[in-house]
Amino acid sequence: MTVHRPVRPAWTCGACGAEWPCQPQRQALLADYGRAPIALSLYLAAHYLDAVPELPDVPVAQLYRRFLGWARCASTRPTPDIAESRTGPDADEPQPDADEPLRNVRGVPRST
């Protein structure tokens, strides 16, 4: 298996020569971090913070998209229904019906 690690300070991939994180590395990171998008974002943010001073000629916004922007898009996939994953003392409480109007804390229907 080829390891796609960054070559610093150029921040290119040591395996394929593309800008890091390259497409194969992005796929590997998504597979590795699976259902932990916050951990993935923290990992990528650390690399982003290292890359900014090492790539002074690259606009910061471009580096943000390169290091973090793709992960945010990839992590917006639908997740299981919240009711399926509820735990704790109120996990068995009935959930509001989708057809029922939303109510504020006083029980008054909210206007939408």
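Numbers given in my numbering equal positions in the sequence shown, counted from 1, plus 2. Don't be surprised by glycine CBs; every beta carbon is placed ideally from N, CA and C. Fair warning: this is a prediction, and the values are worked out from it, not measured in the lab.
Could you have a look at residue i and say whether DSSP puts it in helix, strand or coil?
i, result
"P8", "strand"
"C75", "helix"
Between the options, which has its C-alpha nearest residue i's C-alpha?
i, options, result
"P11", "L42, V60 and A38", "V60"
"M3", "G19, H49 and P26", "P26"
Can you list, in chain order, the residues of its chain with a C-beta nearer than 8 angstroms to that of residue i? Leave out the 5 residues immediately preceding and following it.
i, result
"L31", "P23, L42, Y45, L46 and A73"
"E21", "W13, T14, C15 and R68"
Quick one: what's got a C-beta closer than 7 angstroms to residue i's C-beta in the same chain, skipping five residues either side?
i, result
"A53", "W13, L65 and F69"
"R7", "G16"
"R28", "W72"
Which same chain residues end up closer than 6 angstroms to residue i when comparing Cβ atoms and leaving out the 5 residues on each side of it in sequence?
i, result
"C18", "C24"
Checking contacts by CB at 7 angstroms: is residue i closer than that to chain E?
i, result
"L42", "Here there is only one protein chain, and chain E is not present."
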